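Numbering (UniProt numbering), first residue to last: 1 to 476. Beta carbons are placed, not taken as given, at the ideal position from N, Cα and C, and that holds for glycine. Computed from a predicted structure; not experimentally measured. What follows is a short report on a single structure.
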């Protein structure tokens, strides 16, 4: 991964087009560049963590309890967990970059402004995975939070994935589409990669070094120190100059944000963008016509495609202004023609195709019959509309059974009764473990919780064995 070795390169990697040239009425107050996307709803189109009220009575309700009234930068500081160096030499390396960023504060402020649309998502995802808050700062160092950033060596996107690493983690790269620039998909891939590095090294400082320098290089440096009778912690290793400065930069930014020596921009949650799962090829021209969001804005918000078409790739999501969801909520998800790619996207329906490196085995099981009701416990970020779409039930019937209007705001833990879906059969799914798989990635692929996946397979830890088969629990 590419990092900034000096002030000159810091500035060089910051794009000249800091602000969108054509910003639609929904985004007049959005600062930053294209590609800073906030995934607040995935399959359900729920906006977990959003602290604003719905735009209209038809807009899906949001869970406001997690971040309402809170300062996102304070929340970030609370999630910092990587130890600071205790020895003088390590502290001096960190202080060098504290001084550098204080002298070049625009690098920090511009990058944080760019992160604003998806800051809440990143924080909530790090918290859900139990990952340290310092990982939020990796895209700042890698790309200045620019999805269009490209390094001389060919790394691309906010996480600066090299082509081979991106492909290994399922980021499609063709002449017309580069998944490394898809902020949704690349963030999922980056956190999976970081988790796999932690499974190997067991130390976050070594993980960050491996993310930048390569895990093989870090492992060889540790082996050399071990053979020489020296310590094998990060601060004792002989690495490349970039890798030697990588962790100090992260920790310097942490100290600056904790102390507010550089004041971060005031966070405005109304600047959010949401991702709608796509189950068929989708042309942005048609989306623009249906949503009143300009084509230029849609292209700026979806930088992975070099054309106006989003391909049918597992995990692909259409990035769209949150306020455009008001139109979507007027449609009953079950009555949308899923053969029409636009209508399918508007409904938020996702065909769960196999992701790269994944194999699914489906075994038919007897289906439910009759009109028996099922209980569903609301998860953070879920909406009534999204639940109806995911469970293939009638939105009006769902609201009527639970005495709720279409735009009702749901609370995590709330119990809903679901009518039985009108489908002839259900399936039991299994997943055959592939190299590089993690429990988090598998759970996300099938739309189940990590705890449910562990419980169904009696897995206490994180260790997975390639070739073994996991049972996928039913989604509630």
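The three-state reading of DSSP puts residue 161 in strand, counting E and B together. The closest CA to that of residue 463, considering only 202, 162, 149, 157, is found on 202. Shown here, residue 129 sits in coil according to DSSP, grouped into three states, outside any helix or strand. Per DSSP, residue 377 is not a residue of any alpha helix (DSSP H); the beta strand (DSSP E) it occupies stretches across 374-377. According to the DSSP assignment, residue 471 belongs to the beta strand (DSSP E) that extends over 469-472. For the pair residue 447 and residue 437, the Cα-to-Cα distance works out to about 15 Å. Around the beta-carbon of residue 222, 16 or more other beta-carbon atoms lie within 10 Å, marking it buried. For residue 218, the enclosing alpha helix (DSSP H) begins and ends at 215-227. With 16 or more neighbouring CB atoms inside 10 Å of its own CB, residue 182 falls in the buried class.
Per DSSP, residue 273 is not a residue of any alpha helix (DSSP H); the beta strand (DSSP E) it occupies stretches across 273-277. Per the coordinates, the alpha-carbon of residue 449 lies some 29 Å from the alpha-carbon of residue 268.
In the DSSP annotation of this structure, the continuous segment of the beta strand (DSSP E) that includes residue 416 starts and ends at 415-418. Separation of residue 129 and residue 250 (C-alpha to C-alpha, rounded to the nearest whole angstrom) is 20 Å.
Under a 10 Å Cβ-count criterion, residue 323 is classified as buried, with 16 or more other Cβ atoms of the shown protein chains found around its own Cβ.
With a cutoff of 9 Å on beta-carbon distance, residue 189 and residue 316 are scored as not near each other. In this model, residue 468 and residue 456 are separated by some 14 Å (Cα to Cα). In the DSSP assignment, residue 401 falls outside any beta strand (DSSP E) and within the unbroken alpha helix (DSSP H) covering 395-401. Buried is the label assigned to residue 120, since at least 16 other Cβ atoms lie within 10 Å of its Cβ. Judged by beta-carbon spacing, residue 418 lies within the 9 Å limit of residue 391, meaning their Cβ atoms are closer than that value. Excluding its 5 nearest sequence neighbours in each direction, residue 171 has C-beta neighbours in its own chain below 7 Å: 161, 179, 180, 185, 186, 189, listed in chain order. Each residue's CA atom was taken as its position, placing residue 465 and residue 254 some 36 Å apart.
Cβ-Cβ distances below 7 Å link residue 168 to 436 in the same chain, with the five nearest sequence neighbours on each side left out; the list follows chain order.
When only Cα atoms are considered, residue 132 and residue 193 end up about 14 Å apart.
Non-local beta-carbon contacts of residue 240 in its own chain, meaning distances under 7 Å to residues more than five positions away in sequence, involve 213 in chain order.
By the criterion of a C-beta distance shorter than 6 Å, residue 319 is surrounded in its chain by 37, 273, 275, 301, 302, once the five residues flanking it on both sides are discounted.
Setting aside the 5 residues that flank it on each side, residue 442 is surrounded in the same chain by 431, 453, 470, each with a C-beta closer than 7 Å to its C-beta; the list follows chain order.
In this chain, the alpha helix (DSSP H) harbouring residue 89 covers 88-103. Exposed is the label assigned to residue 109, since fewer than 16 other Cβ atoms lie within 10 Å of its Cβ. 258 is the residue among 143, 461, 258 whose C-alpha sits nearest the C-alpha of residue 77. Taking C-alpha positions only, residue 384 is separated from residue 238 by approximately 54 Å. Residue 431 carries a strand assignment under DSSP once its states are collapsed to helix, strand and coil. Note that the C-beta distance between residue 176 and residue 307 is below 9 Å. Per DSSP, residue 189 lies in no beta strand (DSSP E) segment; the continuous alpha helix (DSSP H) that holds it begins and ends at 183-201. Residue range 317-321 is occupied by the beta strand (DSSP E) that includes residue 319. Here the alpha carbons of residue 292 and residue 207 stand approximately 44 Å from one another.
A straight line joining the alpha-carbon of residue 382 with that of residue 127 spans about 17 Å.
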